[in-house]
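So the number in this note's numbering is just where the residue sits in the sequence shown, counting from 1, plus 1009.
Even glycine gets a Cβ: it sits at the ideal position worked out from N, Cα and C.
Structure record follows, encoded as structure tokens.
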Amino acid sequence: STSSGKYIVEIEDKTGTFKALVDEREGDMIVPDEMLGLQGNMGGDIIYANNVVRPDLPIPQGQTATTEEDVKAAYISDLHIGSEDTLHERMNRFADWLGTDAASDIGYLVIAGDLVEGVGIYPGQEEELEVADIYDQYEMFEDWVDRIPEDIQIIAGPGNHDITRLSEPQPRIQEDVFPRIKDYDNFHRVQNPQTVRLHGIESKGLKHLMYHGYSFDDHVDRIQELRENAYDEPERVMIDLLKRRHLAPTYGSNQLSPEAVDHMVVEEEPDVMVSGHFHSHAVSSYKGVNVVCSSTFQAQTDFQKRVGHEPDPGKVTLMNFKNRKTEGKQF
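If you want it as structure tokens, here you go:
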């Protein structure tokens, strides 16, 4: 930054690099390696930028996507089965509620990762495990799935605690981890991130961008405006990444799998973005996209106590596909 508080930013494309001068607020929001455009004036060998432009989502034209049928989805994340802090009673209360008349319009259950607590995730974790074998943890998850009505479609992706590689995109959790439920017609494994279309085929239904959120920690750490309230307002982090059209814009911020295509780019405009990871609950909307940060079924951990984070467990988001209205239900 300069003595006046502005930032000198080095930008690059396939032809080379150039320097640009941007004001303090814009400079605070720029992170390494993100794609952006600059509007301004040339002055010698520097651009004096008046405006920073990001890929962003388009302004919605016309009505947002809905379904003709009156069907709902329930969104959850971060079950952390196997942890001594797993809230089994609340999980079972929720699963049993799905079988009641009050939940007869629930057609989908979307789980955004961290189905189990896992093993070897962080130093000393073994002291906080209720179940030390990861396959036993997944067996407990299968037991829980058996409580859910067969007519509810379950879409489950991995998170950083699950038994997949840590580098993203994470592949689907392998089917042999679920020997009992892998062939259930209503149980669907997806990768992370993954765009899935629910309650429709081809151009119908609602496009869901599912991403657990492992990159959120690093992204928040780079931007003071987000860092101050990230855990209380996680939807702001999700919206910020939608504006950048990338789920991990800074190269090396989290482990990426070396693939020919960057699967972290938000190619398609989603109707719904679903994440978790922060153990907080939030619902918002941005340019026609419903933004859902799913809650957890894990109580406050010792680590969260040390850093002062108060989770918001047991809260489920419900969304009606017919009118895109959302509500939160506490269990």
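With a beta-carbon spacing of about 22 Å, Glu1242 and Ala1308 fall beyond the 8 Å limit used to define contacts. With fewer than 16 other beta carbons inside 10 angstroms of its own, Pro1069 counts as exposed.
DSSP places Lys1324 in the uninterrupted beta strand (DSSP E) bounded by Lys1324 to Asn1329.
Within the region 1078–1104, the runs of beta strand (DSSP E) that reach at least 3 residues and sit entirely inside it are, in chain order, 1081–1085. Per DSSP, Glu1151 is not a residue of any beta strand (DSSP E); the alpha helix (DSSP H) it occupies stretches across Ile1143 to Val1154.
Only buried fits Met1038, as 16 or more other CB atoms lie within 10 angstroms of its CB. A direct Cα-to-Cα measurement between Val1316 and Thr1310 gives close to 10 Å. Listed in chain order, the non-local C-beta contacts of Ile1130 below 6 Å within the same chain comprise His1170, local neighbours out to five positions each way being set aside. Residue pairing by DSSP places Phe1027 opposite Ile1020 in a beta bridge.
Scanning the region 1201–1264 for uninterrupted beta strand (DSSP E) segments of 3 residues or longer gives 1203–1207 and 1215–1219, listed from N- to C-terminal end. Sequence-distant partners of Asp1032 (beyond 5 residues in either direction) whose C-beta falls short of 7 Å from its own C-beta, in its chain, are Lys1015. The Cβ-Cβ distance between Met1282 and Val1270 does not fall below 8 Å. Taking 8 Å as the cut-off, the Cβ atoms of Phe1103 and Val1125 do not count as close.
Within the same chain, Ile1020, Ala1029, Val1031, Ile1056, Ala1058, Asn1060, Val1061 and Val1062 come within 8 Å of Leu1047 by CB-CB distance, once the 5 residues on both sides are set aside. Between Asp1087 and Thr1305 a beta carbon distance of about 4 Å is seen, short of the 8 Å cut, so the two are scored as contacting. Between Glu1043 and His1197 a beta carbon distance of about 32 Å is seen, past the 8 Å cut, so the two are scored as non-contacting. Rounded to whole angstroms, the gap between the alpha carbons of Ile1161 and Ala1257 is 32 Å. Around the C-beta of Ile1017, fewer than 16 other C-beta atoms lie within 10 Å, and the residue is accordingly described as exposed. By a beta-carbon distance limit of 8 Å, Ser1284 does not contact Pro1178. Their separation comes to about 14 Å.
Taken through DSSP and simplified to helix, strand or coil, Met1038 comes out as helix. In the DSSP assignment, Gln1072 falls outside any alpha helix (DSSP H) and carries neither an H nor an E. The residues Ala1291, Ser1293, Val1300 and Cys1302, in chain order, have a CB closer than 6 Å to that of Glu1244 in the same chain once the five nearest residues on each side in sequence are set aside. Counting along the chain, the unbroken alpha helix (DSSP H) around Val1316 starts and ends at Asp1311 to Val1316. Around the beta carbon of Asp1123, 16 or more other beta carbons sit within 10 angstroms, so the residue counts as buried.
Note that the C-beta distance between Tyr1117 and Leu1218 is not below 8 Å. Ala1141 sits away from Met1328, with the two beta carbons spaced by 8 Å or more. A distance below 6 Å between beta-carbons, with the five flanking residues on each side excluded, links Arg1189 to the following residues of its chain, in chain order: Glu1151. Within the model, the alpha-carbon separation for Pro1320 versus His1089 is close to 13 Å.
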